[in-house]
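Undergrad: Our numbering puts the first residue of the sequence shown at 2, with every later residue one more than the last.
Just so you know, even glycine gets a beta-carbon here, dropped at the ideal spot from N, CA and C.
Owing to the predicted nature of the structure, the values given are computational and were not obtained by experimental measurement.
Dumping the structure here so I can ask a few things about it.
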Amino acid sequence: MKKIVFLVLLLSVIKHSIGQQPGAVIDVQHYRFALTLNDDNNNIQGKATIEVLLLKDTRQLTFELVSKRNDGKGMTVLQVTEKDKPVTFQQSADSLHIDLPAKAGEKREIEITYEGIPADGLVIDKNKYKHRGFFADNWPNRARNWLPCIDHPADKAPVDFLVTAPNHYQVVANGVQVEETSLANNLKLTHYKETTPLPMKVMVIGVADFAVQYAGDVQCIPVYSWVYPENKDKGFYDYAQATEILPFFIKNVGPYGYKKLANVQSKTMFGGLENAGAIFYSENSVTGTRKSESLLTHEIAHQWFGDMATETEWAHIWLSEGFATYMTILYFEHKYGQDTARKMLLEDRSQVIGYTKRSKKPIVDSSVKDYMALLNPNSYQKGGWVLHMLRNQLGDSIFWKGIRSYYAAYSGKNASTDDLRKRMEEVSGQHLRQFFLQWLYTAGHPVLDITWLYDKDKKGVSLTINQQQDIPFEFQLELSFYGQDRSFLFNKTVAVKSKQTTLVVPVTKPVEKVVADPATKLLFEGSVKGL
Numbered sequence: 002m003k004k005i006v007f008l009v010l011l012l013s014v015i016k017h018s019i020g021q022q023p024g025a026v027i028d029v030q031h032y033r034f035a036l037t038l039n040d041d042n043n044n045i046q047g048k049a050t051i052e053v054l055l056l057k058d059t060r061q062l063t064f065e066l067v068s069k070r071n072d073g074k075g076m077t078v079l080q081v082t083e084k085d086k087p088v089t090f091q092q093s094a095d096s097l098h099i100d101l102p103a104k105a106g107e108k109r110e111i112e113i114t115y116e117g118i119p120a121d122g123l124v125i126d127k128n129k130y131k132h133r134g135f136f137a138d139n140w141p142n143r144a145r146n147w148l149p150c151i152d153h154p155a156d157k158a159p160v161d162f163l164v165t166a167p168n169h170y171q172v173v174a175n176g177v178q179v180e181e182t183s184l185a186n187n188l189k190l191t192h193y194k195e196t197t198p199l200p201m202k203v204m205v206i207g208v209a210d211f212a213v214q215y216a217g218d219v220q221c222i223p224v225y226s227w228v229y230p231e232n233k234d235k236g237f238y239d240y241a242q243a244t245e246i247l248p249f250f251i252k253n254v255g256p257y258g259y260k261k262l263a264n265v266q267s268k269t270m271f272g273g274l275e276n277a278g279a280i281f282y283s284e285n286s287v288t289g290t291r292k293s294e295s296l297l298t299h300e301i302a303h304q305w306f307g308d309m310a311t312e313t314e315w316a317h318i319w320l321s322e323g324f325a326t327y328m329t330i331l332y333f334e335h336k337y338g339q340d341t342a343r344k345m346l347l348e349d350r351s352q353v354i355g356y357t358k359r360s361k362k363p364i365v366d367s368s369v370k371d372y373m374a375l376l377n378p379n380s381y382q383k384g385g386w387v388l389h390m391l392r393n394q395l396g397d398s399i400f401w402k403g404i405r406s407y408y409a410a411y412s413g414k415n416a417s418t419d420d421l422r423k424r425m426e427e428v429s430g431q432h433l434r435q436f437f438l439q440w441l442y443t444a445g446h447p448v449l450d451i452t453w454l455y456d457k458d459k460k461g462v463s464l465t466i467n468q469q470q471d472i473p474f475e476f477q478l479e480l481s482f483y484g485q486d487r488s489f490l491f492n493k494t495v496a497v498k499s500k501q502t503t504l505v506v507p508v509t510k511p512v513e514k515v516v517a518d519p520a521t522k523l524l525f526e527g528s529v530k531g532l
């Protein structure tokens, strides 16, 4: 009965894999943002040219754009035109409504001219060396504070950024630089073009005083480091590790989706932000000691998971963050060995256990409306652990085959958790619905009370495994048996499928110790006691 209830829950949150969020009226085909920045104040001027495909008949187009607030921050739309003809519009607190009757299947292009001081989303501030800069910080849905857009991961589109700024600045953005032109009044125009469809959360510009280094090519992909001039030697040294990390993901996952990789020291509020082809790292990520290797790996992994293959809805954010977390562990396993990976897994398991004591929520949680709240151990560490357990269930070869199949199918598109399940079932031949139900759509994890008793007369160990959490999970539990002087005897894997599992394990020698999950394969907590 409980499994049926969970199936209904699963089906209720599955979304369309490719296309727009439910109820969408338009599909953005292309963005062109022409922006003018200055050193006198924080006011920006913008002209957004947006091409859309109509999905439904409508009399009005709506974009997200935060309007001017009482504190003076926000955007004021000055004009909207189509083919140079004015179009009427209305602004509300968080939206721009454009009166434009259109039929499903039509393509329309509109221009929005606006200005204002960004309330969020574009950080205009001095860095730690007291130099002014402009850094986009869109995640999760803060692009609307300075760019008119569809601020949802399901709507992906190519983008051009044309930035006019004082000529002492360097400009980095998504895509490749196609123009740099000196203008009057000590200004400079820099144009970047990205032809791969992106969600708004990873569209970016960075405008600041930079030292820039070409770190090398990785399979014809140029890799650059953009750092503050004051710490350029340390920054170039730290960020050059990207050239070592990139080949791992190309080999194991699939082709890199962008025409460059820039690693950028910035004023992002996050430790790192996976902007497509132009990753932003916090300004304190530069140390000269390469202590940010795991951060670089995590953000580079996002170029595949989150940027190219993007979640359909915020509830499926683990397809981005859980993947980046586990792919970092897999890279460290590749580079430093299994002991390092196991240590990382144990640390992550500890975080998940601690978080579960505070929050009884599943990984896929469609009730969350404050998307910043998704930055939690469920999305990251538990999501990574789900992939680790899936890898152990399928085996390395099938696991990686499934990962490559999933990426190939949804690169440049959107995917849901159910899409991943279907790909993994297809390549493995296994039924994985129960696995996905319990680990992704059910809160918590196994909490085990394991007791054992050695009977020398019967030459066996009586085992009882009690699941103490409300809903029983199904899993394979590996146990190690040790004899006198704690000498290793053998391993035994037990199929646990109910609240209580009892069995007798035959032994030929006395048993003095039993250890649960010796190889760190299962997300659980609990105790093992000899009677």
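Check phenylalanine 211 in the structure and name its three-state DSSP category.
TA: The sequence position of residue 211 within the sequence shown is 210, counting from 1. In this structure, phenylalanine 211 counts as coil in the three-state DSSP scheme.
Undergrad: Out of curiosity, what's the CA-to-CA distance linking glutamine 339 and leucine 490?
TA: Indexing the sequence shown from 1 puts residue 339 at position 338. Indexing the sequence shown from 1 puts residue 490 at position 489. About 22 Å.
Undergrad: Could you name the residues that DSSP lists as bridge partners for histidine 98?
TA: Translated into positions along the sequence shown, residue 98 becomes position 97. Paired residues: Thr63, Gln91.
Undergrad: Can you tell me whether tyrosine 229 is helix, strand or coil according to DSSP?
TA: Stepping through the sequence shown from its first residue, residue 229 is reached at position 228. Coil.
Undergrad: If you follow the beta strand (DSSP E) that glutamate 348 is part of, which residue opens it and which one closes it?
TA: Counting from 1 along the sequence shown, the entry for residue 348 is found at position 347. Where glutamate 348 is concerned, there is no enclosing beta strand (DSSP E), although the alpha helix (DSSP H) it sits in stretches over 339-359.
Undergrad: Please identify the residue among Gly396, Thr418, Ser417 whose C-alpha is closest to the C-alpha of valine 430.
TA: Position 429 of the sequence shown, counting from 1, holds the residue named residue 430. Valine is not the amino acid found at residue 430; the sequence shown has glycine there. The option with the nearest alpha carbon to glycine 430 is Gly396.
Undergrad: With distance defined between alpha-carbon atoms, name the residue in Pro363, Ala410, Ser463, Gly484 nearest to tryptophan 440.
TA: Position 439 of the sequence shown holds residue 440. Taking only the C-alpha atoms, the option nearest tryptophan 440 is Pro363.
Undergrad: Cβ atoms of leucine 148 and leucine 190: under 8 Å apart, would you say?
TA: One-based indexing of the sequence shown puts residue 190 at position 189. One-based indexing of the sequence shown puts residue 148 at position 147. Against a cut-off of 8 Å, the Cβ pair of leucine 148 and leucine 190 comes out as no contact.
Undergrad: For the structure I just gave you, are there three or more beta carbon pairs, one from the segment 108-127 and one from the segment 262-279, closer than 8 Å?
TA: Output reads yes: the segment 262-279 touches the segment 108-127.
Undergrad: In the DSSP assignment, find the unbroken beta strand (DSSP E) run with asparagine 492 in it and report its ends.
TA: For the purposes of this step, residue 492 is identified with residue 491 of the sequence shown, where counting begins at 1. Its beta strand (DSSP E) spans residues 489-497.
Undergrad: Considering just the uninterrupted stretch of the alpha helix (DSSP H) at glycine 385, what are its terminal residues?
TA: The sequence position of residue 385 within the sequence shown is 384, counting from 1. Run containing glycine 385: 384-395, per the alpha helix (DSSP H) assignment.
Undergrad: Take serine 499 as the anchor and find which of Phe482, Ile251, Tyr337, Asp471 has the nearest alpha-carbon.
TA: Counting from 1 along the sequence shown, the entry for residue 499 is found at position 498. Among Phe482, Ile251, Tyr337, Asp471, the Cα nearest to that of serine 499 is on Asp471.
Undergrad: Closest by CA to asparagine 253, which one among Tyr407, Leu297, Val179?
TA: Mapped onto the sequence shown, residue 253 falls at position 252. The option with the nearest alpha carbon to asparagine 253 is Tyr407.
Undergrad: Nearest to leucine 346 by CA position, among Asp72, Asp518, Val172, Lys457, is which residue?
TA: Residue 346 sits at position 345 when you count from the first residue of the sequence shown. Closest option to leucine 346, Cα to Cα, is Asp518.
Undergrad: Checking 8 Å against the spacing of the C-beta atoms, do alanine 279 and alanine 302 come in under that value?
TA: Walking along the sequence shown from the start, residue 279 turns up at place 278. Walking along the sequence shown from the start, residue 302 turns up at place 301. No.
Undergrad: Check whether the segment 57-67 and the segment 103-115 are in contact - that is, three or more C-beta pairs closer than 8 Å.
TA: Yes: the two stretches touch, three or more of their Cβ pairs being nearer than 8 Å.
Undergrad: Within 10 angstroms of its Cβ, does leucine 331 collect 16 or more other Cβ (buried), or is it exposed?
TA: Taking the sequence shown and counting its residues from 1, the one referred to as residue 331 is at position 330. Result: buried.
Undergrad: Please name the residue, chosen from Gly258, Leu262, Pro230, that lies closest to alanine 241 on a Cα-to-Cα basis.
TA: On the sequence shown, position 240 is the one that residue 241 refers to. Per the Cα distances, Leu262.
Undergrad: So, is lysine 202 buried or exposed, given that buried needs 16 or more other C-beta atoms within 10 angstroms?
TA: Your numbering for residue 202 matches position 201 in the sequence shown. With 16 or more Cβ atoms within 10 Å of its Cβ, lysine 202 is classed as buried.
Undergrad: Can you tell me where the alpha helix (DSSP H) with lysine 423 in it begins and where it stops?
TA: The count along the sequence shown starts at 1 and reaches residue 423 at position 422. Where lysine 423 is concerned, the enclosing alpha helix (DSSP H) stretches over 418-429.
Undergrad: Is it the case that the segment 445-452 contacts the segment 513-530, given that we only count it when at least three CB pairs across the two stretches are under 8 Å?
TA: Taking 8 Å as the limit for Cβ pairs, the verdict is that the segment 445-452 does touch the segment 513-530.
Undergrad: If you follow the beta strand (DSSP E) that lysine 194 is part of, which residue opens it and which one closes it?
TA: Reading the sequence shown from its first residue, position 193 is the one you call residue 194. Lysine 194 -> beta strand (DSSP E) spans 188-199.
Undergrad: Taking the alpha-carbon positions, what's the leucine 433 to alanine 496 distance?
TA: Against the sequence shown, residue 433 aligns to sequence position 432. Against the sequence shown, residue 496 aligns to sequence position 495. Their backbone Cα atoms lie some 16 Å apart in a straight line.
Undergrad: So leucine 375 and isoleucine 466 are supposed to be a Cβ contact under 8 Å. How far apart are they, rounded?
TA: Position 374 of the sequence shown, counting from 1, holds the residue named residue 375. Position 465 of the sequence shown, counting from 1, holds the residue named residue 466. The Cβ separation is near 33 Å, so there is no contact.
Undergrad: What three-state label does DSSP hand lysine 252 in the structure shown?
TA: The residue given as residue 252 occupies position 251 in the sequence shown. Residue state, collapsed to three classes: helix.
Undergrad: For the candidate residues Glu52, Glu112, Glu110, Phe476, whose alpha-carbon lies nearest to that of methionine 390?
TA: Here residue 390 corresponds to residue number 389 of the sequence shown, with the count starting at 1. Closest option to methionine 390, Cα to Cα, is Phe476.
Undergrad: Evaluate cysteine 221 with the Cβ neighbour count: other Cβ atoms within 10 Å of its Cβ, from every protein chain shown; 16 or more gives buried, anything less gives exposed.
TA: As a first step, residue 221 is located in the sequence shown; it is residue number 220 there, counting from the start. Exposed, by the Cβ-count rule.
Undergrad: Which partner residues of aspartate 161 appear in the DSSP bridge assignment?
TA: Stepping through the sequence shown from its first residue, residue 161 is reached at position 160. In the DSSP output, where bridge partners are listed per residue, aspartate 161 has Arg33, Lys194.
Undergrad: Under a Cβ-count criterion, where at least 16 other Cβ atoms within 10 Å of its own Cβ denotes burial, should serine 293 be classed as buried or exposed?
TA: If you number the sequence shown from 1, residue 293 lands on position 292. Looking at its Cβ environment, which holds 16 or more other Cβ atoms inside 10 Å, serine 293 is buried.
Undergrad: Does the segment 442-449 touch the segment 510-525, meaning 3 or more C-beta pairs lie closer than 8 Å?
TA: The segment 510-525, when compared against the segment 442-449, does touch it at the 8 Å Cβ threshold.
Undergrad: With distances taken from CA atoms, which of Arg145, His169, Lys260 is nearest lysine 194?
TA: The sequence position of residue 194 within the sequence shown is 193, counting from 1. Minimum Cα distance to lysine 194 is reached at Lys260.
Undergrad: Consult DSSP for glutamine 470 and reduce its assignment to one of helix, strand or coil.
TA: Residue mapping note: residue 470 aligns to position 469 of the sequence shown, counting from 1. Correct three-state label for glutamine 470: coil.
Undergrad: Within this structure, are the beta carbons of asparagine 142 and tyrosine 372 separated by less than 8 Å?
TA: By one-based count along the sequence shown, residue 142 stands at place 141. By one-based count along the sequence shown, residue 372 stands at place 371. It is a contact, given that the beta carbons lie within the stated cut-off.
Undergrad: Leaving out five residues on either side along the sequence, give the residues of the same chain with a beta carbon under 7 Å from the beta carbon of asparagine 168.
TA: Indexing the sequence shown from 1 puts residue 168 at position 167. Within the same chain, asparagine 168 has close Cβ partners Ser183, Asn187, Leu188, Lys189.
Undergrad: On a CA-only basis, which of Pro256, Leu247, Ile251 is nearest asparagine 264? Give me that one, please.
TA: As a working mapping, residue 264 is identified with position 263 in the sequence shown. Comparing Cα-Cα distances from asparagine 264 to each of Pro256, Leu247, Ile251, the minimum goes to Leu247.
Undergrad: So, glutamate 112 versus threonine 50, is the Cβ gap smaller than 8 Å?
TA: One-based indexing of the sequence shown puts residue 112 at position 111. One-based indexing of the sequence shown puts residue 50 at position 49. Yes, the Cβ-Cβ distance between glutamate 112 and threonine 50 is below 8 Å.
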